[in-house]
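See structure below.
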Amino acid sequence: MQITVEDLSPIKKRIGVALPPEEVRAEIEQAYRGLQQRARIKGFRPGRVPRAILERYYGEQVHSEVIGKLIQDSYLRALEEHHLHAVARPEIVADEVKPDAGLRYSATIEIKPTFEVTGYDALEVERTVAPVAEDAVDAQIERFRQSLAQFARREDRDVVEQGDLVELGYTGVIDGRAVPGASAESRVIEVGAHTFPPPFDERLVGLKRGESAHIEVTYPAQHHSSEIAGKRLTFRVEVKEIGRKELPALDDEFAKDHGECASLAELREKVRRALESTAEREADDSMRAALVRMLLERNPVEVPEALVERRFDAMLHDLGIPEVSRDVDPERAAQLDGLRTEVRQRARESVHSALVLERLAAQEHFEVTGPEIDERIAHALRTAPRERERLAEIYRSPEARREVRERIAQEKALDWLAGHARITSGAQN
C-alpha cells in the first residue's frame, strides 16, 4: 500500500492511498468464497454455485462491499502510520476500480491544528466580588417565603384580577392539533407573573370563576421546547378557581420551620453567607473567562469547521433553538436566524478555547489519569440517574473517554493559568 499526505492547510490534509491489484483481487476472491457458502440460488446446491452465476446475481453488491472494506481498512492504517487523528468523517474520492489496476482514492480530513501557546506567563486580570447588600438578603428571603405560599380561595369576588392565583385547565392547540406539552387539567399560576407569553395573563383578567376563553399567544423562538418555539398557539382555557397567596409570617418560627435556624436573624446570616459564596464563585468565573479571552487574543488559530459544527449542534440542542422551518413566519425566521448566528459564533469561540487550553495542558505536561476519568464519568452518571444506562453505554466508547480526558486537561490548564496570573482586586460597586 502506498500512502501520501498532502498539507492543504494547518487543519486540513489530503491522504492519497494506492492499493496494488493483487490486494484488490485477493479481497474480491475472499468475498466470493464467503458468498458461495451463503448463497441460495434455485437449481444449485449450497456451496456449488458457479462464480459466473454469483457475479450475475451479486456482482454490484460484492464490488461495493469490497471497495468499502478496502477503503475503510486502508484509511485507518494510513491514519495510524502517519499518526493522524481526524476530527470528523473523511471526504472520500475514489477512482474507478479495476481489479487489474488496483484501487486509488483520496481522503480529505480535518485535524486539530499544531501550534505553541504563547503569552500566557504574564497575564494580569482583575477579580471583582460584588458586595451583598441588605436588600439582596431581604429579596432572597422573600423569594423563599413566596415559594411557600398556600392557595387560599377568594371569597370576596369571582372575577380574575392582576396578582390573583388562578387554577386553570387548558389545552394548547396548533393547527387544530392539541400539544401535550402545552396542556394541563389543573395548574395554578399567578396572574401577572407571565408564566405564559403575552397576552395570556392580560386576557385572564376579567374572566369569571368557571368561565372559559380562547387565548392566542406566540412563543419566543428561543423557547426550550422545539415543539412550540416560534409557534403561534391557541389556548382553550377554563378558570376553575380564583385565589390569593397566603404567606407564612416572617418571624423566628418561620426560620425554625423552614430555614433550620434558631431565629430570623440567624436565617438572615445564613442567607448572607450563601449569597457571598455565590458572589465569590461568580467573581472566579468572570476572572477565568477574562483570562481565556486574553489567551485567545494572543493565540489566534484556525479551528476545524467539523468541531465548530458539532459544538454548534450541541448548543442549539441545549438551548432548545429549532431549525428554521417553512411554516415559521418571516419575523420569527429572522429572529431564529439571528439566534443561530450568535450561537455559531459562541461555538467557534468555545472550540478555540478548548484547543488552546488543551495545547497548554500538553506544553505544561499536565497528566490525566485513568482514575480521574473514571471518577468524572461516575459523577456524570450519579447526577443523571434517569439517563444512567444510556450515558453508561456512551462512556464505554474510547472516543467518549478521550473527550472526558481532554475536558479534564483543559480544566487543569485553566486552573494553572488562574494560579499563575497576577490578580488584582477590582472596585466593588
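The sequence shown begins at 1263 in my numbering and counts up by one. Beta carbons are placed, not taken as given, at the ideal position from N, Cα and C, and that holds for glycine.
- Per DSSP, H1627 lies in no alpha helix (DSSP H) segment and is marked neither H nor E.
- Here DSSP, grouped into helix, strand and coil, assigns E1489 to coil.
- Remark: C-beta atoms of L1569 and V1349 approach each other more closely than 8 Å.
- An exposed status is given to H1476, since fewer than 16 other beta-carbon atoms sit within 10 Å of its beta-carbon.
- Secondary structure of V1355 (DSSP, three-state): strand.
- With a cut-off of 8 Å on Cβ pairs, the region 1375 to 1385 is in contact with the region 1557 to 1574, counting three or more such pairs.
- Taking one beta carbon from each stretch, the region 1504 to 1515 and the region 1409 to 1420 have 3 or more pairs nearer than 8 Å; the two touch.
- For S1615, same chain residues with a beta-carbon under 7 Å away, outside a window of 5 residues either side, are V1554 and L1558 in chain order.
- Residues of the same chain with a CB within less than 8 Å of the CB of R1650, apart from the 5 flanking positions on each side, are L1643 in chain order.
- Going by DSSP, P1660 is part of the alpha helix (DSSP H) stretching over P1660 to H1682.
- Contact check between the region 1486 to 1499 and the region 1436 to 1449: three or more CB pairs, one atom from each, fall below 8 Å, which counts as touching.
- Distance from the CA of G1425 to the CA of V1501, rounded to the nearest whole angstrom, comes to 15 Å.
- Per the coordinates, the alpha-carbon of A1527 lies some 44 Å from the alpha-carbon of I1583.
- By the beta-carbon neighbour count (other beta carbons within 10 angstroms, threshold 16), D1519 is exposed.
- Taking C-alpha positions only, G1632 is separated from I1639 by approximately 11 Å.
- By the Cβ neighbour-count rule, S1487 is exposed, with fewer than 16 other Cβ atoms within 10 Å of its own.
- Judged by DSSP in its simplified three-state form, L1509 adopts coil rather than helix or strand.
- P1566 places its beta carbon less than 8 Å from that of I1273.
- Minimum Cα-Cα distance from S1271 among the listed residues E1564, F1628, Y1294 and P1592 corresponds to E1564.
- Distances from the alpha-carbon of V1618 to those of R1648, A1440 and K1674 put K1674 closest.
- For I1504, the three-state secondary structure derived from DSSP is strand.
- Straight-line measurement puts the Cα of E1634 at about 46 Å from the Cα of V1450.
- Three or more Cβ pairs closer than 8 Å define a contact, and the region 1365 to 1376 falls short of that threshold against the region 1298 to 1312.
- Per DSSP, T1540 is one residue of the alpha helix (DSSP H) stretching across L1526 to R1560.
- As DSSP reads the structure, Y1432 sits in a beta bridge with A1446 and V1499.
- Judged by DSSP in its simplified three-state form, R1302 adopts coil rather than helix or strand.
- Exposure of L1338 is indicated by the presence of fewer than 16 other C-beta atoms within 10 angstroms of its C-beta.
- Taken atom to atom, the span from the alpha-carbon of S1659 to that of K1532 is near 44 Å.
- R1307 carries a coil assignment under DSSP once its states are collapsed to helix, strand and coil.
- In this structure, the alpha-carbon of E1322 lies about 12 Å from that of I1290.
- Boundaries for I1583: no alpha helix (DSSP H) harbours it, and the DSSP string shows neither H nor E there.
- The C-beta distance from V1422 to V1428 rounds to 6 Å, short enough to fall under 8 Å.
- A straight-line Cα-Cα distance of about 22 Å links H1579 and F1458.
- G1364 has K1360 as its beta-bridge partners, per DSSP.
- For the 8 Å CB-CB criterion, E1386 and T1686 form a contact.
- In terms of CA proximity to A1401, L1512 leads the group L1512, E1655, R1318 and R1606.
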